[in-house]
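K.L.:
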Amino acid sequence: MKSTDALHQRPASEPGSPSLDGVRSVLHRGIGEHLPSQLKNLRAHRYQGQDQDMLLSMLSLTDQAHARLLYDYAKGVHLCWLSMRDAPDWGVLREKVLALLAPPLRSAAKGLGLETMAQTSDSDVKHAIGKVLHDLRGGALMSLQLYAHMAQMDGNPADLRAAAYLTRDQAKIMRNALPDLDPEVRQADEAEKPHFMQTVLEKWDGFRFGGADGQMGRVEVSCAYHGLLASCCLEASAVDRVIYNYVNNATRFSSGPIIRMDIQPVDEQTVRWIVANPITRDQERWLQHETNGDLSRLFRGGLTRDGNGLGLSNCADFVAAAFGLPDIESALRGRYLGAKVEDGWYWAWAHWPALYPRDSTRHAATPGEASPG
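Numbering (our numbering), first residue to last: -16 to 356.
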């Protein structure tokens, strides 16, 4: 399903950039043998994206204030967009997006969670808090800051619209991670409201990112799954927490201007997401050395080159929960998610149960914004 309102027109591939068909051929030749052909869902009832969270009260008073400030900003920008999307006032939207780059929001984004982590001595509690803070500080917020800087330079309407979608995602991620942050809207997030894959294509196909070399790159999406994404907003935000971690990881280490995202049905019950980025020989050597050739170690936490090593373990938590597996070890052994280096590319995959696999139009909501903020 291709969006009729894509955020960006995809430019022609750069000279020397491998085509999507070329990347797929590497996929089937290289990592294809590492991917499962059928996966079991052990859940009696669909997973709705809950549990990988903590109470807002676990944060220090300063960090609670930071979280509320960032949430009110994200929710407010998205509500502003909803009020004008049929006749946008790009100047007003730009002003609201740019607020993220100025005090007090800039300080809140930079400092969120730092005081809490410094004041927490229990290692298990600190680890649990750190896992949630990782997705609050990363998630859509990392990309939103980049888009705010781009809006500061030229105010391109496509970038402003993308920023509005990012604020929507960040607000949903924050409600997913902090269930008592906005209980009323969190309750609405839990109500059945199937999400279209169209929203994924609108968000990611042509998505721009700042590469490790300081140059701008983009995400290219190929989607052969035409079912529905998630049963409710809360589940959609859980999928977002997985995919943002994959994309944020790819943007940090990509050695080229293109990140590939491929979404495919595996069988009648399962959807596979693959995010792939080119890497340098140095990065490949580091990965092979630190993991002893077993890249599943990346998903167990604590192994990182330039971060805290929590993002991919969060992904493993979500995928294991979505399929009703007892722990992330079961998910990794069953290749429900994983990673592989092949032909100079880093490939990370994750699976998610298909929604209404026998009737993808049942109860489907109108494509677009699924909930406020």
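Each residue gets a CB set at the ideal place from its N, CA and C atoms; glycine is no exception.
Since the model is a prediction, treat every value here as computed from it, not as a measurement.
(1) Whole angstroms are fine: how far does the CA of residue 142 sit from the CA of residue 166?
(2) Return the residue from the list 151, 231, 265 that minimises the CA-CA distance to residue 194.
(3) When the Cβ atoms of the region 159 to 174 are set against those of the region 35 to 45, are three or more pairs found closer than 8 Å?
(4) Just the Cα atoms here: how many angstroms apart are residue 112 and residue 338?
(5) Quickly, what does DSSP pair residue 55 with across the bridge? List them, please.
(6) By the DSSP assignment, the alpha helix (DSSP H) with residue 179 in it spans what residues?
(7) Closest to residue 93 by C-alpha separation, out of 53, 68, 115, 114, would be which residue?
(8) Go through the region 106 to 187 residue by residue and report every complete run of the alpha helix (DSSP H) that reaches 4 residues or more, in order.
(9) Would you report the Cα separation of residue 229 and residue 324, rounded to the nearest angstrom?
(10) In angstroms with no decimal places, state the Cα-to-Cα distance between residue 32 and residue 119.
(11) Please determine, among 199, 196, 206, 171, the residue with the shortest C-alpha to C-alpha distance to residue 180.
(12) Check residue 252 in the structure and name its three-state DSSP category.
(13) If contact is defined by three or more beta carbon pairs under 8 Å, each pair taking one atom from either stretch, is the region 267 to 283 in contact with the region 314 to 324?
(14) DSSP beta-bridge partners for residue 205?
(15) Enumerate in chain order the residues of its own chain whose CB-to-CB distance from residue 64 is below 6 Å, with the five nearest sequence positions on each side excluded.
(16) So, for residue 126: in the same chain, excluding its five sequence neighbours on each side, which residues have a beta-carbon less than 6 Å away from its beta-carbon?
(17) Could you give the residue range of the alpha helix (DSSP H) that holds residue 93?
(18) If contact is defined by three or more beta carbon pairs under 8 Å, each pair taking one atom from either stretch, is the region 183 to 199 in contact with the region 63 to 77?
(19) Could you check which residue in 220, 299, 199 has the C-alpha nearest to that of residue 176?
(20) Per DSSP, which one or two residues make a beta bridge with residue 334?
(21) Just how far apart, CA to CA, sit residue 130 and residue 121?
(22) Write down the C-beta distance between residue 223 and residue 155 rounded to the nearest angstrom, noting that I regard them as a contact closer than 8 Å.
(23) Need the endpoints of the alpha helix (DSSP H) that residue 294 sits in, please.
(24) Candidates 272, 107, 265: which alpha carbon is nearest residue 238's?
(25) Between residue 47 and residue 56, what straight-line distance do the alpha-carbon atoms span, to the nearest angstrom?
(26) Run through DSSP, which three-state label would residue -9 get?
(27) The alpha helix (DSSP H) spanning residue 313 covers which residue range?
(28) Apart from the five residues on each side of it in sequence, which residues of its chain come closer than 7 Å, Cβ to Cβ, to residue 9?
(29) Just tell me which of 132, 95, 102 has its CA closest to the CA of residue 80.
(30) Could you give the C-beta distance for residue 236 and residue 22, rounded to a whole number, given that I count them as a contact under 8 Å?
P.N.:
Let me spell this out:
(1) Whole-angstrom Cα-Cα distance: 31 Å.
(2) The option with the nearest alpha carbon to residue 194 is 231.
(3) Between the region 159 to 174 and the region 35 to 45 there are three or more inter-stretch CB-CB distances shorter than 8 Å, so the stretches are counted as touching.
(4) Approximately 31 Å, taken between the alpha carbons.
(5) Under DSSP, residue 55 forms no beta bridge with any residue.
(6) From DSSP, residue 179 is part of no alpha helix (DSSP H) but of the beta strand (DSSP E) over 175 to 179.
(7) By alpha-carbon distance to residue 93, the top candidate from 53, 68, 115, 114 is 53.
(8) Runs of the alpha helix (DSSP H) inside the region 106 to 187: 106 to 120, 122 to 136, 140 to 160, 166 to 173, 181 to 187.
(9) In this model, residue 229 and residue 324 are separated by some 15 Å (Cα to Cα).
(10) Distance between the alpha carbons of residue 32 and residue 119: 15 Å.
(11) The candidate whose alpha carbon is nearest that of residue 180 is 206.
(12) It is coil, neither helix nor strand.
(13) The region 314 to 324 vs the region 267 to 283: in contact.
(14) Answer is 245.
(15) Around residue 64: 147.
(16) Correct list, in chain order: 149.
(17) Membership of residue 93 in the alpha helix (DSSP H) is indicated by the continuous run 88 to 94.
(18) Touching, no.
(19) Residue 220 is the option with its Cα nearest to residue 176.
(20) Checking the DSSP bridge columns, you'll see residue 334 partnered with 255.
(21) Distance between the alpha carbons of residue 130 and residue 121: 14 Å.
(22) The Cβ separation is near 7 Å, so the contact holds.
(23) Looking at the DSSP string, the run of the alpha helix (DSSP H) that includes residue 294 is 294 to 305.
(24) Here the closest residue by C-alpha is 265.
(25) Taking the straight line joining both Cα atoms gives about 14 Å.
(26) Confidence is the limiting factor: at residue -9 the pLDDT is only 35, short of 50, which leaves the residue's position unreliable, though a coordinate-based value still follows. In the structure shown, residue -9 sits in coil (DSSP, three-state: anything other than H, G, I, E or B).
(27) That run of the alpha helix (DSSP H) goes 311 to 316.
(28) Residue confidence for residue 9 is low, a pLDDT of 48 falling below 50, so the modelled location carries little weight; the figure read from the coordinates is stated next. Counting only Cβ-Cβ distances below 7 Å, and skipping sequence neighbours, we find 325, 326, 328.
(29) Selected option, being the one with the closest Cα: 132.
(30) For residue 236 against residue 22, the beta-carbon gap comes to about 27 Å, at or over 8 Å, which does not count as contact.
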